[in-house]
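Asker: Heads up: the protein sequence lines correspond to chains A and Z, in order. So for the first sequence, the numbering used here puts the first residue at 19; every next one is plus one. So for the second sequence, the numbering used here puts the first residue at 12; every next one is plus one. Got a structure here, written out as structure tokens. Questions coming.
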Amino acid sequence: MIIVENLSKKFGTLLAVKDLNLHIKKGEFYSLLGPNGAGKTTTVKIIAGLMRPTQGRVLINGYDIEKEYIKVKQILGFIPDNPFLYENLTPYEFLRFIGDIFGVDKDKVLKSIDYYFEMFNLREYKDVLIKELSHGTKQKIVYISNFLHSPLVYLIDEPLVGLDPFSIHLLKKLLKEETKKGRTILMCTHILSIAEELSDRIGILSEGELITQGSPCFLKEKECSETLEKLFLKLTQSE
Amino acid sequence: MREIVFFRLISFKNNLLYLIKHRAAKTWGAGIFSLFTVGGLYFGLWEGLQFITSLGGLGVVIIKKVLFILFFILFFMIAISFGVLFYGMGFKNKETAYLISLPIEREKILSYKFGEAFLFSTWIPSLGLILFFLSYAFVARVSLIFPLVASFYIIPFFIIASFLGYLTTLFLAKFINKGKILLWLGLFCGLVAFLYFLYFGNPHRGGLLFFLSEEVVFFKVAKLWYLPYSWPAYGLIHWEDKAWGKSLLYFLNLWSLAFLVLSFVPSLQRRFIDSYFLQFSYLHKKRSYLSFVEKVFSKISFLPNYLRSFMVKDVKFFTREPAFWLQLIVFFGILFFYFTNLRKFSYHRLEDVWKSLLTFLNTFSILCVVSAMSVRFVFPQWSLEGRNYWILKLSPIPLGKVFLEKIILSLGVFLPISIFLISLSNLMLKIEFLFFFLTLVIVIISTFTMVTISLGLGAIFANFKQRYYLQAVESFGGFVVLMLNLGYVFFTVFLFGGLSHFYFLNKLSNFLPLLKRSLILWMIASLVFSLAATLLGMKKIAEKEY
Ligand SMILES: Nc1ncnc2c1ncn2[C@@H]1O[C@H](COP(=O)(O)OP(=O)(O)O)[C@@H](O)[C@H]1O
Ligand SMILES: [Mg+2]
């Protein structure tokens, strides 16, 4: 579903991503782990088409992100690390805006909004300007805006920053359900427990290079580590 | 205080070094462009002044009037610029919260913010004024220290104007945060209108203002001697007439008021801090989701759904950002003065040459307003997507269409405004059909061109990492757009005004064919300009990274 080939990104002289290759299958939950500055955000931004790669290409559902980007965007969901939204709109207005630009049926949009607002306990914020909301609430709005147009591929950057335990629990459940429905998820994070709990496969990124990848169990066995944490420290510290 | 300024300078230096190192070609390009614009501006001013003085004695009178009007408009423009910048740098800036958390006296924070906004809001007008007085010194053959003298009159003038913006912002910030802005604004406008009619409503009333009431557009108000915006003009005119004593009087007036005003700046810290914190005590005011705006736009059913959705979003942004629409009110205030003065003007009694000059002077004023408005409101359209640019970039709508949406929306607002302004003023002056039609066409095409240029350049210069989007207007990009727009306006008015001027001086025999031909050529050039700006802007906006 997501194919990344020989991807490199240079910022001036800094090589933030080095010759990255990824093949993520349909319905797979893939986590990209790495210390701060490893190049995770850069990688997802390139896959989402927010940045241009210096080299290499990205295919999503067989579409080239550079050439057929409209088709790609129609099936892409993106959750950025910082939920910057239109501050002068209310969540309700913003979500209906998203529904309109993704061409989702009006009734369906309204139904989904009610459904998710109920689920996330957001009813009281429906008609309050987004600038008056907390970081976590904005993050929830971003999630809802993605669920609204049911993308085939989710790209998630630091999924749970600023969220309360209840929402974390809820989101984990929702994301897992999405993969069961055949949706593909690429998530990057530096929180190991979540990656271990949710992912089918994990890739470890350090200084822009993919050091290793595989299922959590496979990786632990391969590197003879009891926990993912030890494995992570071993791999990223020795660099 | 010294530390803050020091760190600001370091960050400026880092920025500059970064630009020179990594964007060498662009930095040089920008430098060369600036030099050319400055040169072009100087040349344009020189030509204009030359032309006016060539009119003889009356020309000198006109220049003096222009001086008054110039300072009058500048005063309010600087006050707006300052207000908007101070609002952005003071209230809407995370740096302020950080500074408040540091062991620095609040008075110092406020002075620093004042200084910062002062520099940013006055650098473009300073440049313009220096060039103006430089060319004036050459044309009028006054001594070359005249520009230097002028700058000593201008600095306190800037300080006073900034202080007006400062007071207004502090005052409004309180009400913006309390959500009662409209009520207070309504009361304020009502009061101003009441005073205005009390004062100027009856033109036959004699007294103090009677001797000032030369019935020239704007002039009456611009020349009120007891208001500080007229002081530099009085001072400089007296200086030129070698009335040193009177000139000195205005000079001292300006500086003493400036110092008085500056001493008030830090003492308003309580007001500032209160308003600053007020904005975080949120209102949680509910908005009804099917608002008026949406109802209006749902009527325009021939546009696709997503385009309307974008428009609704943009309009809501505008109406919910007081720092944005409050500026519009100032423009309408200026226009209100303009039209009330126009009403008293006896155009039909003039000779043809003067009629023609005034027709184009009026067109020029209106084009200037439109160009200033498009720099203030259209140019930042892209910047104010700001950090939300990722939403646009990820939407399955090509950015070209979003560009189109912004063009349609801006034109939908600006074309009616400019058509209304030119028609109304032409009707008031009772201009003949040919010139009515000509100026109408000129204004429509010019509005189209200026809006598209502003939007295109806005896309090119958009900086999605900027903390406060309205700062874009005062940045280098804003300067470029202002210069391009003004250059275009100057060129247009000189072209057609010149043609008709020579015609009425009986120096042109084949006026109509010549007019037709230049109109067509000018239209093509305008179209090429706006097309180029639009295509370039579309390309750049699609290439931007988030
Ligand atoms: N826009 C940018 N310009 C220059 N350097 C950048 C930019 N974005 C990221 N970098 C650099 O690229 C590297 C990778 O950053 P990022 O992908 O954000 O890391 P993370 O894995 O923490 O998300 C970092 O060294 C960062 O400084
Ligand atoms: Mg990151």
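Ideal Cβ placement from N, Cα and C applies to all residues, glycine included. As the structure is a prediction and not an experimental result, all values here were calculated from the model.
Is A/T207 closer than 8 Å to A/L51 when the C-beta atoms are compared?
Answerer: Against a cut-off of 8 Å, the Cβ pair of A/T207 and A/L51 comes out as a contact.
Asker: Find the nearest neighbour of Z/L438 within the set Z/F350, Z/I464, Z/W336 and Z/D363, judged by alpha-carbon distance.
Answerer: Here the closest residue by C-alpha is Z/F350.
Asker: Output the residues surrounding ligand 1, defined as those with a CB atom closer than 5 Å to any ligand heavy atom, in chain order.
Answerer: With the cut-off at 5 Å, the residues found are A/F29, A/A34, A/N54, A/G55, A/A56, A/G57, A/K58, A/T59 and A/T60.
Asker: Would you verify that the beta carbon of A/I88 is, or is not, closer than 8 Å to some beta carbon of chain Z?
Answerer: Yes, A/I88 lies at the interface with chain Z (some Cβ there is under 8 Å from its Cβ).
Asker: Which residues of the stretch 401 to 413 of chain Z have a Cβ closer than 7 Å to any Cβ of chain A? Give them in chain order.
Answerer: Flagged, chain order: W401, K404, L405, S406, P407, I408 and P409.
Asker: Suppose the cutoff is 8 Å on Cβ atoms and the five residues either side in sequence are ignored; what does the same chain contact list for A/G74 look like?
Answerer: So the qualifying residues of the chain are V22, E23, N24, L25, S26, D37 and L38.
Asker: Express the C-alpha separation of A/G67 and A/G121 in angstroms, rounding to a whole number.
Answerer: Going by the C-alpha atoms only, they are around 20 Å apart.
Asker: How many Å lie between A/D125 and Z/S122 at the Cα?
Answerer: Roughly 54 Å between the two C-alpha positions.
Asker: For A/R70 and chain Z, any beta-carbon pair shorter than 8 Å?
Answerer: It does; some Cβ of chain Z falls within 8 Å.
Asker: DSSP on A/M205, reduced to helix/strand/coil?
Answerer: The answer is strand: DSSP assigns A/M205 an E or B state.
Asker: Since A/G74 is in the beta strand (DSSP E), which residue starts that stretch and which ends it?
Answerer: It spans Q73 to I78 - the beta strand (DSSP E) in which A/G74 sits, taken as one unbroken run.
Asker: Ligand 2 and A/E176: does the residue's C-beta get closer than 7 Å to at least one heavy atom of that ligand?
Answerer: A/E176 Cβ: within cutoff of ligand 2.
Asker: Alpha carbon to alpha carbon, what distance is there between Z/V323 and Z/Y287?
Answerer: Roughly 29 Å between the two C-alpha positions.
Asker: Of all the residues that make up the stretch 309 to 334 of chain Z, which are near chain A by a beta-carbon distance shorter than 7 Å?
Answerer: Cβ contacts with chain A come from N316, Y317, S320, K324, K327, F328, R331 and E332.
Asker: Which bits of chain A does Z/E556 rub up against, with CB to CB less than 7 Å?
Answerer: Result: L68, M69 and R70.
Asker: Within this structure, are the beta carbons of Z/F371 and Z/V504 separated by less than 8 Å?
Answerer: Yes; because the gap between Cβ atoms is below 8 Å, this pair is in contact.
Asker: Would you grab the beta carbon distance between Z/Q120 and Z/L110 for me? Rounded to a whole angstrom, and I think it's under 8 Å.
Answerer: Residue 120 of chain Z is actually Ile in this sequence, not Gln. Right, the Cβ-Cβ distance comes to about 5 Å (below 8 Å), so this counts as a contact.
Asker: Count the other CB atoms within 10 Å of the CB of A/A34; is the residue buried (16 or more) or exposed (fewer)?
Answerer: So A/A34 counts as buried.
Asker: Residues of chain A with CB under 7 Å from Z/R398, in chain order?
Answerer: The contacting residues are F102.
Asker: Per the contact definition of three or more C-beta pairs closer than 8 Å, is the stretch 69 to 84 of chain A in contact with the stretch 224 to 233 of chain A?
Answerer: No, the stretch 224 to 233 of chain A is not in contact with the stretch 69 to 84 of chain A.
Asker: Using beta carbons (cut-off 8 Å, strictly below), is A/I119 in contact with chain Z?
Answerer: A/I119 counts as touching chain Z.
Asker: So who's on the other strand from A/Q231, going by DSSP bridges?
Answerer: Per DSSP, A/G221.
Asker: Specify the secondary structure class of A/F120 as computed by DSSP and reduced to three states.
Answerer: A/F120 falls in the coil class under three-state DSSP.
Asker: Counting only C-beta atoms, is A/S26 closer than 8 Å to chain Z at any point?
Answerer: Not one chain Z Cβ lies under 8 Å of A/S26.
Asker: Could you check whether Z/T48 and Z/A151 sit closer than 8 Å to each other, using their CB atoms as the reference points?
Answerer: In this structure, Z/T48 does not lie closer than 8 Å to Z/A151 by Cβ.
Asker: Tell me which residue opens and which closes the beta strand (DSSP E) that A/E196 is part of.
Answerer: Where A/E196 is concerned, there is no enclosing beta strand (DSSP E), although the alpha helix (DSSP H) it sits in stretches over P183 to K198.
Asker: At the level of alpha carbons, what is the spacing between A/E215 and A/L178?
Answerer: Between A/E215 and A/L178, the C-alpha separation is close to 14 Å.
Asker: Do the CB positions of Z/V462 and Z/S385 come within less than 8 Å of each other?
Answerer: For Z/V462 and Z/S385, yes; Cβs fall inside 8 Å.
Asker: Quick one: which chain Z residues come within Cβ less than 8 Å of A/N106?
Answerer: Those within 8 Å of A/N106 in chain Z are K327, F328, R331 and E332.
Asker: Could you name the residues of the same chain whose beta carbon sits closer than 7 Å to that of A/G180, not counting the 5 residues immediately before and after it, in chain order?
Answerer: Once the five neighbours on either side are set aside, the close Cβ partners of A/G180 are H153, G154 and Q157.
Asker: Would you mind reading off the limits of the beta strand (DSSP E) that contains A/L33?
Answerer: Looking at the DSSP string, the run of the beta strand (DSSP E) that includes A/L33 is L32 to I42.
Asker: What is the C-beta distance between Z/F270 and Z/G246, in whole angstroms, given that I count them as a contact (C-beta under 8 Å)?
Answerer: Incorrect: roughly 16 Å between the Cβ atoms, too far for contact.
Asker: Applying a beta-carbon distance threshold of less than 8 Å, which residues of chain Z neighbour A/F96?
Answerer: Per Cβ cutoff of 8 Å: W401 and L405.
Asker: Since Z/N496 and Z/S382 should fall inside the 8 Å C-beta cutoff, what is the C-beta to C-beta distance between them, to a whole number of angstroms?
Answerer: The pair is a contact, with the Cβ atoms about 4 Å apart (cut-off 8 Å).
Asker: In chain order, what residues of the same chain lie with their CB nearer than 6 Å to the CB of Z/W401, ignoring the 5 residues before and after it?
Answerer: Once the five neighbours on either side are set aside, the close Cβ partners of Z/W401 are Y557.
Asker: Suppose you measure from the CA of A/F149 to the CA of Z/K551; what does that come to, to the nearest Å?
Answerer: For clarity, residue 149 of chain A is Lys in the given sequence; the question names Phe instead. Cα-Cα distance, rounded: 29 Å.
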